[in-house]
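Okay, so the sequence shown: first residue is 1 according to the UniProt record's numbering, each after it adds one. Where a beta carbon is used, it is the ideal one built from N, C-alpha and C, also for glycine.
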Amino acid sequence: MFVYSLIIVCATICIYIASRFLYFKSGRHPLLLPVLTSTAVIVILISITDLTYTFYMNGGAWLDHFLGPAVVALAYPLYRQKARIIALFRPFAAGIALGAASGAFTGFYGARMLGVENYLYYSVVPKSVTTPVAAEVSELIGGSSSVAALFVMVAGIGGAVIGQSLLRRIGVIDPFSQGLALGAASHAIGTAKALEDNEEAGAAGTIAMTVSAAVMALLIPGLIDWLP
């Protein structure tokens, strides 16, 4: 089993490196974002072979352990930009609060308008925060943690692929504002995309992602029953 796990880890890393090479070779085309292309390749490989997701995660879990340190590393640009964040504290706090609330409520009411089952629109509420928080919040309010994880992935990759282009089209060109929006709407994946272009945007995304997760975990379970 150890050998198979090692092969899976090496294959996953190679797929990601190849995806990253293709991404930069294309001039950083948003549709070739490494997290999107590498995920697609791995899903296809699992689908066309006899592998199961459980078997793949025997090796994939090794890489999963690095997610914690990777998120902690996002604190470095946050530290470097602390003066800017302190100076813009009020608009920053307002932006995060609005982003967290709009992300939750648009998902909730959008799903209700489509007439889906109750557990689905409770599952889509925490889509804009990281998977561990989304899974817990979804279970607390009557949703499904596995469905919530799917919506989290869609929100993260979707925001990373089209977020910056959409923001520029509506006139949001300030890196700090872009990072704030991406962090609040697309959690760690959006923040990583923001950091790729600008350290200031990455710092804004880091704190937006963190505070949005805290707001979601602390407030949404108590407020969800009050929604009409």
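- For Leu218, the closest alpha carbon among the candidates Val137, Thr106, Tyr121 and Tyr16 is that of Val137.
- Taking all protein chains shown into account, Pro69 has fewer than 16 neighbouring C-beta atoms within 10 Å of its C-beta and is therefore exposed.
- The three-state secondary structure of Thr52, taken from DSSP, is coil.
- By the C-beta density criterion, His29 is exposed, having fewer than 16 other C-beta atoms within 10 angstroms.
- In this structure, the CA atom of Ala181 is about 27 Å from the CA atom of Leu22.
- Under the 10 Å beta carbon count, Tyr4 is surrounded by fewer than 16 other beta carbons and is classified as exposed.
- Scanning Ser128, Glu117, Ile7 and Leu98 for the CA closest to the CA of His187 turns up Ser128.
- With contact defined as three or more Cβ pairs closer than 8 Å, the segment 108-123 and the segment 81-99 are not in contact.
- Boundaries of the alpha helix (DSSP H) around Val72: Leu67 to Ala73.
- Around Leu31, the same chain offers Val161 as residues with beta carbons nearer than 7 Å, after the five sequence neighbours per side are excluded.
- Take Tyr16, set aside five residues on each side of it, and the residues of its chain with a beta-carbon closer than 7 Å to its own are Pro34 and Ser38, in chain order.
- Pairwise C-beta distances place the segment 139-158 out of contact with the segment 195-211, as fewer than three of them are shorter than 8 Å.
- In this structure, the straight-line span from the alpha carbon of Ala61 to that of Val41 is close to 18 Å.
- Residue environment for Thr191: buried (at least 16 other C-beta atoms within 10 angstroms of its C-beta).
- Ala111 and Ala101 have their C-alpha atoms roughly 15 Å apart.
- Counting C-beta atoms within 10 angstroms of its own C-beta, Tyr56 has 16 or more neighbours from the protein chains shown and is therefore classed as buried.
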